[in-house]
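In full-length UniProt numbering, the protein residues as written are 1 to 331.
And the structure:
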């Protein structure tokens with residue numbers, strides 16, 4: 001339900017709530033009502049920043065109606081789809097509050113958890129990460145892949161991710177400023193939130209079912225997201241393939257010497273068309289994989305050096321008209 005009258009705009013904001021939106025027209029009115037009920041019960045000043053990541057449905061029309069009825073609702077519509085990471089960055093660039101909460105629009109992140117997050121923040125935590133206590137809403141394959149990713153990431157990266165921790169987080173204003181200082185185009189907020197440091201705590205929660213629609217995160221998108229996360233924070237894959245190359249080279253030298261010695265001592269011909277083909281195919285596969293790993297890092301460099309904007313803005317609601325992400329990291 002969209003309110004009939006607009007409250008007076010607050011002179012100062014204590015809490016900013018950032019919600020990336022993609023085809024969530026059915027969920028937005030319910031999300032707004034639940035957020036409004038929770039935040040007004042806390043008697044604090046707040047704003048809601050809804051970032052439409054190029055939705056194909058009526059999401060931005062709903063955002064416009066909400067913003068017209070309540071000036072605390074701010075809206076940003078991208079010129080096209082730039083991805084969730086860009087949408088979260090756009091919200092962080094426009095935060096006015098002393099603290100900011102990022103949450104999804106599908107209501108799997110319960111707004112009713114925000115008061116507990118604020119308690120942890122007021123107790124001194126700069127980052128409060130909501131951690132899922134179960135993954136019953138996910139398929140068994142997705143649960144297994146998630147567990148495998150966190151374990152593998154912990155083994156190769158200096159940045160420790162919080163298992164079960166997603167994008168549902170509270171950031172102190174100092175953390176928001178630090179995140180806005182980071183210039184990279186390919187962002188991985190889960191890793192960046194741990195990289196910036198500060199005092200961090202976790203808060204367990206049980207995710208709800210989606211209010212409407214289905215998840216847009218296919219296995220292919222999750223795989224791409226995992227690769228981006230690893231390439232962003234570790235060069236271990238490059239070192240691994242360098243080591244594999246050195247070991248294979250050493251093994252080939254040892255095997256070659258053995259063949260020479262065996263032929264000289266026993267006068268036997270060197271057999272092995274089949275073994276030669278297997279070795280050739282194996283080494284070719286190793287080379288292609290190593291080139292692929294190198295290509296991931298080279299592609300990341302290519303994306304960064306172009307210095308294109310992280311996103312382009314088409315329209316705004318209750319915010320100044322802008323075209324692209326702010327040139328200055330701090331607003």
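Glycine included, each C-beta is placed from N, C-alpha and C at the ideal position.
(request) Buried or exposed for residue 280, please, with buried defined as at least 16 other CB atoms from any protein chain shown within 10 angstroms of its CB. (result) By the neighbour-count criterion, in which a residue is buried when 16 or more other Cβ atoms sit within 10 angstroms of its Cβ, residue 280 is exposed.
(message) I'd like to check one pair, residue 78 with residue 382: are the Cβ atoms closer than 8 Å?
(response) Within the shown structure, residues of the chain are numbered from 1 to 331, placing residue 382 beyond reach of any answer.
(request) Measure the alpha-carbon distance for residue 174 versus residue 167 and round it to whole angstroms. (result) So the two alpha carbons sit approximately 18 Å from each other.
(message) As an exercise, report each continuous beta strand (DSSP E) stretch of at least 3 residues that is fully enclosed by the UniProt domain "Glycosyltransferase 2-like" (16–175), in chain order.
(response) 46–52, 73–78, 99–102, 127–132, 165–172, all fully within the UniProt domain "Glycosyltransferase 2-like" (16–175).
(message) Out of 198, 107, 143, which one is the CA nearest neighbour of residue 207?
(response) Relative to the Cα of residue 207, the nearest Cα in the group 198, 107, 143 belongs to 107.
(message) Quick check on DSSP: helix, strand or coil for residue 328?
(response) Caution applies to residue 328, whose pLDDT of 44 falls short of 50 and renders its modelled position unreliable; the value that the coordinates give is listed next. Here residue 328 carries a coil assignment [DSSP, helix/strand/coil].
(message) Distance check for residue 45 and residue 151, CA to CA, integer angstroms please.
(response) Distance between the alpha carbons of residue 151 and residue 45: 40 Å.
(request) Name the one or two DSSP bridge partners that residue 200 has. (result) The bridge partners DSSP lists for residue 200 are 127.
(request) Identify the continuous alpha helix (DSSP H) that holds residue 194 and give its terminal residues. (result) Run containing residue 194: 189–195, per the alpha helix (DSSP H) assignment.
(message) Let's see if you can read the secondary structure: which residues bound the beta strand (DSSP E) around residue 315?
(response) Element bounds for residue 315: 313–317.
(request) Identify, in the order they occur along the chain, each residue of the same chain with its Cβ nearer than 7 Å to the Cβ of residue 358, setting aside the five sequence neighbours on each side. (result) Absent from the model: residue 358. The displayed extent of the chain is 1 to 331, so no value can be given.
(request) Determine, using beta carbons only, whether residue 131 and residue 165 come nearer to each other than 8 Å. (result) Yes, the pair counts as a contact, with Cβ atoms nearer than the cut-off.
(message) Measuring alpha carbon to alpha carbon, tell me which residue in 197, 61, 42 is nearest residue 29.
(response) For residue 29, the nearest C-alpha among the options comes from 61.
(request) Could you tell me which residues DSSP pairs with residue 205 in its beta bridges? (result) In the DSSP output, where bridge partners are listed per residue, residue 205 has 132.
(request) Tell me, to the nearest whole angstrom, how far the beta carbon of residue 76 is from that of residue 90; I am working on the premise that it is less than 8 Å. (result) That pair is a contact at about 5 Å.
(request) Quick one: grab the DSSP three-state call for residue 303. (result) Helix.
(request) Taking residue 15 and residue 39 to be in contact with their CB atoms under 8 Å, please state how far apart those CB atoms are, rounded to whole angstroms. (result) The Cβ separation is near 7 Å, so the contact holds.
(request) Drop a sphere of 10 angstroms on the beta-carbon of residue 54, count the other beta-carbons inside from all chains shown, and report buried for 16 or more, exposed for fewer. (result) A residue is called buried when at least 16 other Cβ atoms come within 10 angstroms of its Cβ; residue 54 meets this threshold and is buried.
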